[in-house]
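Please read the structure below before turning to the comments.
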Amino acid sequence: MRLTVAQATVRFLAAQFTERDGVEHRLIEGCFGIFGHGNVAGLGEALLEAELSDPRALPYHQARNEQGMVHAAVGYARMRNRLSTLACTSSIGPGATNMVTGAAVATINRLPVLLLPGDVFATRVADPVLQQLEVPHAPEVTVNDAFRPVSRFFDRVWRPEQLPAALLGAMRVLTDPAETGAVTLAMPQDVQAEAYDWPAELFAKRVWHVPRAVPEPAALDRAVSVVRSARRPLIVAGGGVIYSEATDALRAFAEATGIPVAETQAGKGSLPYDHPLALGAVGATGTPGANRFAREADVVIGIGTRYSDFTTASRTAFQDPGVRFVNVNVAGFDGAKHAGLPLVADARAALEALTEALAGWQVPPSYRAGAARANTEWDAVVEAAYTAGHQPLPAQTEVIGAVNEAGGPRDVVVNAAGSMPGELHKLWRTRDPKGYHVEYGYSTMGYEIAAGVGVRMAAPDRDVFVLVGDGSYLMMAQELVTAVQERIKIVVVLVQNHGFASIGSLSESLGSQRFGTAYRFRDAASGRLDGDVLPVDLAANAASLGVRVVRVTTVAELRSALRDAKAAPADSGPVLIHVETDPLAGAPDSDAWWDVPVSETAALDTTRAARAEYERQKKAQRPLAGPASDGSDA
1 MRLTVAQATV RFLAAQFTER DGVEHRLIEG CFGIFGHGNV AGLGEALLEA
51 ELSDPRALPY HQARNEQGMV HAAVGYARMR NRLSTLACTS SIGPGATNMV
101 TGAAVATINR LPVLLLPGDV FATRVADPVL QQLEVPHAPE VTVNDAFRPV
151 SRFFDRVWRP EQLPAALLGA MRVLTDPAET GAVTLAMPQD VQAEAYDWPA
201 ELFAKRVWHV PRAVPEPAAL DRAVSVVRSA RRPLIVAGGG VIYSEATDAL
251 RAFAEATGIP VAETQAGKGS LPYDHPLALG AVGATGTPGA NRFAREADVV
301 IGIGTRYSDF TTASRTAFQD PGVRFVNVNV AGFDGAKHAG LPLVADARAA
351 LEALTEALAG WQVPPSYRAG AARANTEWDA VVEAAYTAGH QPLPAQTEVI
401 GAVNEAGGPR DVVVNAAGSM PGELHKLWRT RDPKGYHVEY GYSTMGYEIA
451 AGVGVRMAAP DRDVFVLVGD GSYLMMAQEL VTAVQERIKI VVVLVQNHGF
501 ASIGSLSESL GSQRFGTAYR FRDAASGRLD GDVLPVDLAA NAASLGVRVV
551 RVTTVAELRS ALRDAKAAPA DSGPVLIHVE TDPLAGAPDS DAWWDVPVSE
601 TAALDTTRAA RAEYERQKKA QRPLAGPASD GSDA
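Under the UniProt record's numbering, the first residue of the sequence shown carries the number 1, and numbering increases by one thereafter.
Put into C-alpha cells, the structure is as follows:
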C-alpha cells in the first residue's frame, strides 16, 4: 500500500483501540492541529484526505494555541479515564515548542496524549530551514529534543522504515497505565511527504488490552498483616482510584473495614462528599479533620497516589513515630515511596482482594464514628463559606458555592491554578467520580478553558463549569474561539480580583508583602506598581471572541446567570459569567503547612518574622524513610 509517511500515520491512528473489562474504546478519537511549514504539506494533507474519505475516521479540530490544544487533549484523556485521547500536530519551531508545557502537564499527571510536532529536513538539503535551531556541535539536535525530558516516549522518524516501530512503541506507552504520559513522535517535514510501500497489516484494526494487574499473593499477605495491626488506619485515595474506575470497590472496602478516606486533588470524588467515612481533602489544602486523622494515623493506605508535597503537607502530615505505608499503585516507583510496602496492582483489583482478605476485620466503632463527626463538622464549615455574605464584593468561596449549587450531580468543575484549587479541594461537594477536574500536578495557568473544551468533547452529556481567575485567563483564553467554532457548550466563570491572589497570599505569608502580585499602574511618585487598578475589561475581551457574556455583581445575580447557562441548549456554545471578588477574603484554614523557603537573611521585619515561623514548621518535617525500629516486624 503506497502512502506517504503522514498518510500512513493517520490511517494507523484511526485503527487503534483500547479494551478494558471487555469494552472497546477508540484510542485516538481525533486530532487537534495548527498548520504551518513543517506539517501543512504532510500531516495537513493526510488529515484532509482522511476527512474527505470518512469524517469520523480521525476528525480534525482547529486550535488557536499549541499549548492550549494539548491541554484540551489532557482534559479529554482524563475524562475518559486514560482509555481514549487526542493527537496534536504542530509546525516546526515555535509551534512545536509551544506544546512542551502541555507535554509536561500530561506526563506529570500520568495522562496519555500523542504529540506530532513538525521537524527539520531529514535530508538536510534545505539547511537551515526557517525556524531551525542550529547547534554547531550536534547537527542532529533540533528544538524538538526539548520534548525528551517531558515525554514518556520520544522518537524522531528520520526514515519511512522507522515509522511502524515508532508508532507501535508510542501506542504501547499510551495504553500502559504505569508508563503513560506524553508521547512525542517528531516528524521531519520532508519525511512526512515521502511515499513508501507499507504492509497492509499495519493498518488493520489493533486492540490494545489495558490490564488490571492483580496483586502478587505474598505482597497481598504482607499488606493485610500491616493493616490488621493498625489501630488508626487511614486511606489516601489518589487519581488511580478514579482512572481504574475503582470508586465502588473503595466504598465497599471502606464500609467493610471502617477505615476513613482522605482524598488528594486527583482523587477527589473517590467517595461522595457526604459519605460518613469521607474526610475530604488531605494535606496542605486539606480539611482539619482529614489532617488530624493523617497526623495520628499509624498505617496509611495510599491508593493510586504519587504523594505530592501538597498531599503530605511537605512531609509534615503524618506524625505518628511508627507510621507505616501500604502503597497500592500500578507503578512500582510510586509504590515504594515513603519506605512503603508496595502492592503493585490495579486499584480496583487490589481493593477487591484486600476486602476479601480482611473480611471480618474492622476498626473500633469509636474510630469510625470520629470520621463521621469530622465529616459533619466540616460540612457545616463549607456551608458557612458558601453563604458568607461578604461585602461589598463577594468572597471567592461564595462563587464556588453558587457554582456547586448550580451544577447537576454529574456535571464537571474544571480548574488548575491560583487560589481556587486549594479552596475547591477543601470546599467542593463532589457527588460523582468524574465531577471534579482540577489539574494540580503541574498547576498550569492557562489550562482551564482549553481543558474545559476537552472535557466537554469527551463527555457531551455533562455540563462543564470552568472556574478561572483573571491571571489564568490572561495567560490563555484563545480556545474560547474553538468552543465558539465547534459550538461546544462550556460555562466559564471568570473571577476578577485584579492580580495573582494565590501568590499574593503566599508572598504575604513569606514576608514579601504581596510584591508584584497586583495588577496596578506604576505610580509616578513612588515609581512602584502600586497605583490605580488597570482598566482591563476581560468580559469585553471574551465578547470580542464571539462568546456570550453575562456580567454579575452579586451572588444572587451569579446564581441566576448560572441557572440560565445551565438551561441553554447543548450546542449553544460557550458562555462566560464575569464576577468581581475580594482577593483578601479568606477561606477556611487547612491547619497544614507547605514548604516554601524563606530568605535566611533579610532587611524586612516581615521576612525575618516569616523566617522564624518557617524554621518552627521545618522541625515537624520528616524524611518518611520508615518507622523507628523496635526490633520487630510487627
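Positions of the beta carbon are idealized from the N, C-alpha and C atoms, including for glycine.
Since we're looking at a predicted model, the values are computed, not measured.
Handout entry: residue 245 to residue 170 span [Cα, whole Å]
Key = If I take the Cα positions, the gap works out to 24 angstroms.
Handout entry: Terminal residues of the beta strand (DSSP E) in which residue 117 lies
Key = 113 to 119
Problem - Those residues which DSSP pairs with residue 280 across a bridge - result: 262
Problem - Extent of the continuous beta strand (DSSP E) to which residue 243 belongs - result: Unbroken run through residue 243 is the alpha helix (DSSP H), 239 to 243; no beta strand (DSSP E).
Handout entry: Bridge partners - residue 153, DSSP secondary structure assignment
Key = In the DSSP secondary-structure assignment, residue 153 is bridged to 183.
Handout entry: Validate contact between the region 281 to 293 and the region 373 to 383 using beta carbons, cut 8 angstroms, 3 pairs
Key = yes
Handout entry: Simplified DSSP assignment, three categories, for residue 496
Key = strand
Practice task
Look at the alpha carbon of residue 43 and the alpha carbon of residue 115, and state the distance between them as a whole number of angstroms.
Solution key: 12 angstroms
Exercise for the section: Look up residue 24 in the DSSP assignment and say whether it is helix, strand or coil. Expected result: strand
Exercise for the section: State the DSSP-derived secondary structure class of residue 656, mapped to helix, strand or coil. Expected result: No statement about residue 656 is possible, as the shown extent of the chain runs from 1 to 634 and does not include it.
Handout entry: Whole-angstrom C-beta distance between residue 183 and residue 112, which should lie under 8 angstroms
Key = Correct: roughly 7 angstroms between the Cβ atoms.
Problem - Anticipated Cβ contact below 8 angstroms, residue 236 with residue 302, distance rounded - result: 5 angstroms
Problem - Local conformation of residue 635 per DSSP, three classes - result: With the chain represented from 1 up to 634, any question about residue 635 goes unanswered, as that position is not in the structure.
Practice task
Kindly indicate which residue of 576, 443 and 198 has the alpha-carbon position closest to the one of residue 503.
Solution key: Selected option, being the one with the closest Cα: 443.
Handout entry: Cutoff 6 angstroms; reference residue 131; Cβ partners in own chain excluding five residues on either side
Key = These residues qualify, in order along the chain: 92 and 93.
Practice task
From the DSSP output, in three-state form, read off residue 68 for me.
Solution key: helix
Handout entry: Contacts around residue 59, its chain only, beta-carbon distance under 8 angstroms, and the 5 residues preceding and following it disregarded
Key = 29, 30, 31 and 51
Handout entry: Whole-Å CB distance - residue 403 paired with residue 495, under 8 angstroms assumed
Key = Going by Cβ atoms, the distance from residue 403 to residue 495 rounds to 10 angstroms, so no, they are not a contact pair.
Exercise for the section: Decide yes or no for the touch test of the region 570 to 580 against the region 475 to 493: beta carbon pairs closer than 8 angstroms, at least 3 of them. Expected result: Touching, yes, given that three or more Cβ pairs across the two stretches are closer than 8 angstroms.
Practice task
Pick helix, strand or coil for residue 378, following the three-state DSSP scheme.
Solution key: helix
Problem - Supposed close pair residue 157, residue 166 - CB separation, criterion 8 angstroms - result: Contact flag correct, Cβ pair sits at about 5 angstroms.
Practice task
Work out the CA separation of residue 322 and residue 629 for me, nearest whole Å.
Solution key: No answer about residue 629 holds up, because its pLDDT of 43 lies below 50 and its placement is not dependable.
Problem - Proximity of residue 214 and residue 395 at Cβ, strictly below 9 angstroms - result: no
Practice task
In angstroms with no decimal places, state the Cα-to-Cα distance between residue 545 and residue 101.
Solution key: If you draw a straight line from the Cα of residue 545 to the Cα of residue 101, it is about 24 angstroms long.
Practice task
Could you say if the region 320 to 336 and the region 255 to 275 meet the contact criterion of at least three C-beta pairs nearer than 8 angstroms?
Solution key: no
Exercise for the section: Starting from residue 398, trace the alpha helix (DSSP H) both ways and give me its first and last residue. Expected result: For residue 398, the enclosing alpha helix (DSSP H) has its first and last residue at 396 to 406.
Handout entry: Best match in 424, 39, 239 and 223 for proximity to residue 647 [C-alpha to C-alpha]
Key = Missing from the structure shown is residue 647; the chain here goes from 1 to 634 and no further.
Handout entry: Under the three-state DSSP convention, the category residue 586 falls into
Key = coil
Practice task
Quick one: residues in its chain with C-beta nearer than 8 angstroms to the C-beta of residue 120, no 5 flanking neighbours on either side, listed in chain order?
Solution key: 92, 127, 128, 129, 132, 142, 188 and 189
Handout entry: Inter-residue Cα distance where the pair is residue 263 and residue 467
Key = 21 angstroms
Exercise for the section: Please list, in chain order, all residues of the same chain as residue 161 whose beta carbon is under 6 angstroms from its beta carbon, the five residues on each side excluded. Expected result: none
Problem - Segments assigned alpha helix (DSSP H), at least 4 residues, entirely inside the region 496 to 575 - result: Fully enclosed alpha helix (DSSP H) runs of 4 or longer: 501 to 509, 538 to 544 and 555 to 567.
Exercise for the section: Determine the direct distance from the alpha carbon of residue 605 to that of residue 531, and round the result to whole angstroms. Expected result: Near 24 angstroms, if we compare the C-alpha coordinates of residue 605 and residue 531.
Exercise for the section: Could you check which residue in 108, 186, 78 and 110 has the C-alpha nearest to that of residue 140? Expected result: When the alpha-carbon of residue 140 is set against those of 108, 186, 78 and 110, the nearest one is in 186.
Problem - Beta-carbon proximity check, residue 368 vs residue 260, cutoff 9 angstroms - result: yes
Problem - For residue 234, three-class secondary structure by DSSP - result: strand
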